[in-house]
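Q: Take a look at the following structure, please.
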Amino acid sequence: MDIKEKCFKCGGEVEKGYIQSSREITWVPKLSKMITDPHFINDSIILSTGLNNFGIWHVDAYLCKRCESVFVDYSHAEK
Ligand SMILES: [Zn+2]
25 MDIKEKCFKC
35 GGEVEKGYIQ
45 SSREITWVPK
55 LSKMITDPHF
65 INDSIILSTG
75 LNNFGIWHVD
85 AYLCKRCESV
95 FVDYSHAEK
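Residue numbers (the working numbering): 25 to 103.
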């Protein structure tokens with residue numbers, strides 16, 4: 025996906041950026057009661073691709089301002 029791609033939800037233009045966090049960025053099927061190593065949560069998907077030079081986890085993300093949505097490609101994630 026690059027900046028010329030269209031939002032699959034509304035067809036608007038998307039802008040490439042990042043989601044960043046001090047912890048690994050993870051999709052989980054259910055909310056946890058406590059912060060747990062995401063590698064031990066069943067069916068979780070680690071979205072972050074790595075740390076930058078300042079110790080910040082990040083993943084490429086695409087913003088659609090028209091429908092106020094953010095999309096993440098997780099094809100890099102371990103399956
Ligand atoms: Zn959209």
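By construction, the Cβ of each residue, glycine as well, lies at the ideal position given by its N, Cα and C atoms.
(1) Keeping to the same chain, check which residues put their C-beta closer than 6 Å to that of Thr50; ignore five residues upstream and five downstream.
(2) For Thr73 and Gly41, I'd like the C-alpha separation in whole angstroms.
(3) Tell me whether Cys88 is buried or exposed, calling it buried when 16 or more other Cβ atoms sit within 10 Å of its Cβ.
(4) Could you give the DSSP three-state label for Met25: helix, strand or coil?
(5) My assumption, with CB atoms under 8 Å, is that Val94 sits in contact with Ala101. Please give the rounded CB distance.
A: A quick look at the data gives this:
(1) Within the same chain, Thr50 has close Cβ partners Pro62, Ser68, Ile70.
(2) Spanning the two alpha carbons is a distance of roughly 13 Å.
(3) Buried: at least 16 other Cβ atoms inside 10 Å.
(4) Interpretation of Met25 is limited by its pLDDT of 47, a score under 50 that renders its predicted location unreliable; no figure is taken from the coordinates.
(5) Not confirmed; about 17 Å, so no contact.
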